[in-house]
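For the sequence shown, our numbering begins at 31 and goes up steadily by one.
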Amino acid sequence: MRSLLAIVVLSFAAFTPAAADLAQESTQHGDIEVAVSLDAAEQSGSASASVRIHAPREVVWSLITSCAEALHLVPGLMNCEVTETAPDRSWQRIRHVLDYSWYAPRLTYEIRAAYEPPSRVSIERVSGDLRVLRGSWALQTDGNDTIAHYAVDLAPGFWVPHWLVRSALRRDLPKMLRALRARAEFVQEQKPG
31 MRSLLAIVVL SFAAFTPAAA DLAQESTQHG DIEVAVSLDA AEQSGSASAS VRIHAPREVV
91 WSLITSCAEA LHLVPGLMNC EVTETAPDRS WQRIRHVLDY SWYAPRLTYE IRAAYEPPSR
151 VSIERVSGDL RVLRGSWALQ TDGNDTIAHY AVDLAPGFWV PHWLVRSALR RDLPKMLRAL
211 RARAEFVQEQ KPG
């Protein structure tokens, strides 16, 4: 889960009054659904997304809980480092560095990810450049497929142009989910038997 959340951080990096026209937006990108709710006055928002993946949830789980995989799936993620792990592996503290582009500030933040394998990951901001970051992944088995549901609440605590929000929501969040799906399906195809 660790770094897949990073893309949504960018998705909400700009909750400005000019973004009011994005107050409620739901889009369909093939079989990927994305819904967004922004509160322009408070510079905060939430999003949810879901995707069907033709692989068992254990495969998807292994990807969303891997820093190494996240570096390949999340646009702009430069560093993902586990800084602390519970003795029973029920949670981890993770540091992310996200450098989306020259026109957006570099973000460094830490999250605490709580695990309920192989079905749920809950994330909460611990420290860093973001004011609020709470999210979750829920993996649901549907026959041989996995339905991955993703939700996040975010308040960045700084201003970013609203066009960046539109770009991240319309292009990068579905792009990340497609990358997750493609990687999970590739891993599943490589398994013997």
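Glycine included, C-beta positions come from ideal geometry on N, C-alpha and C.
Length of the line joining the Cα atoms of L93 and A209 = Start at 1 with the first residue of the sequence shown, and residue 93 comes out as number 63. Start at 1 with the first residue of the sequence shown, and residue 209 comes out as number 179. Roughly 11 Å between the two C-alpha positions.
Could you spell out the range, first to last residue, of the beta strand (DSSP E) harbouring V151?
-> Here residue 151 refers to the residue found at position 121 of the sequence shown. Run containing V151: 150-158, per the beta strand (DSSP E) assignment.
DSSP bridge partner residues for A98 (one or two, in chain order) = If you number the sequence shown from 1, residue 98 lands on position 68. Its beta-bridge partners do not exist; DSSP assigns none.
Using 8 Å as the threshold, is the stretch 158-169 in touch with the stretch 178-185, meaning 3 or more CB pairs across them?
-> yes
Buried or exposed: where does T113 fall if 16 or more other Cβ atoms within 10 Å of its Cβ makes it buried?
-> Reading the sequence shown from its first residue, position 83 is the one you call residue 113. T113 is exposed by the Cβ-count criterion.
Start and end of the beta strand (DSSP E) containing R164?
-> Mapped onto the sequence shown, residue 164 falls at position 134. Run containing R164: 162-172, per the beta strand (DSSP E) assignment.
For the beta strand (DSSP E) that contains A209, what are its first and last residues?
-> As a first step, residue 209 is located in the sequence shown; it is residue number 179 there, counting from the start. First-last for A209: 203-220, but that is the alpha helix (DSSP H), not the beta strand (DSSP E).
By Cβ distance, which residues of its chain are closer than 7 Å to P148, with the 5 residues on each side in sequence left out?
-> Here residue 148 corresponds to residue number 118 of the sequence shown, with the count starting at 1. Hits under 7 Å: R87, E88, W91, L169.
Between which two residues does the beta strand (DSSP E) containing Y139 stretch?
-> Working through the sequence shown from its first residue, we reach residue 139 at position 109. 137-146 is the extent of the beta strand (DSSP E) around Y139.
Start-to-end residues for the beta strand (DSSP E) that takes in W121 = For the purposes of this step, residue 121 is taken as residue 91 along the sequence shown, with counting starting at 1. Element bounds for W121: 121-128.
Is there contact here, the stretch 203-217 with the stretch 117-129, by at least three beta-carbon pairs under 8 Å?
-> no
Find the nearest neighbour of N174 within the set C110, Q218, V66, judged by alpha-carbon distance.
-> Position 144 of the sequence shown, counting from 1, holds the residue named residue 174. It is Q218 whose Cα lies nearest to the Cα of N174.
Work out the CA separation of P105 and F188 for me, nearest whole Å.
-> Locating residue 188 in the sequence shown gives position 158, where the first residue counts as 1. Locating residue 105 in the sequence shown gives position 75, where the first residue counts as 1. C-alpha separation (whole angstroms): 20 Å.
Residue range of the beta strand (DSSP E) that G75 falls in?
-> Reading the sequence shown from its first residue, position 45 is the one you call residue 75. From DSSP, the beta strand (DSSP E) with G75 extends over 74-83.
Cα separation between F216 and E99?
-> Position 186 of the sequence shown holds residue 216. Position 69 of the sequence shown holds residue 99. Their Cα atoms are separated by approximately 13 Å.
Compute the Euclidean distance between the alpha carbons of V156 and P204, then round it to the nearest angstrom.
-> Against the sequence shown, residue 156 aligns to sequence position 126. Against the sequence shown, residue 204 aligns to sequence position 174. Distance between the alpha carbons of V156 and P204 is about 26 Å.
Where does the unbroken beta strand (DSSP E) through A178 begin, and where does it stop?
-> Here residue 178 refers to the residue found at position 148 of the sequence shown. Counting along the chain, the beta strand (DSSP E) containing A178 begins and ends at 175-185.
Tell me whether S67 sits in a helix, a strand or coil according to DSSP, three-state version.
-> Position 37 of the sequence shown, counting from 1, holds the residue named residue 67. Residue state, collapsed to three classes: strand.
Using CA coordinates, which residue listed in Y130, T115, P117, A116 is at the minimum distance from N109?
-> As a position in the sequence shown, residue 109 is number 79, starting the count at 1. Answer by Cα proximity: Y130.
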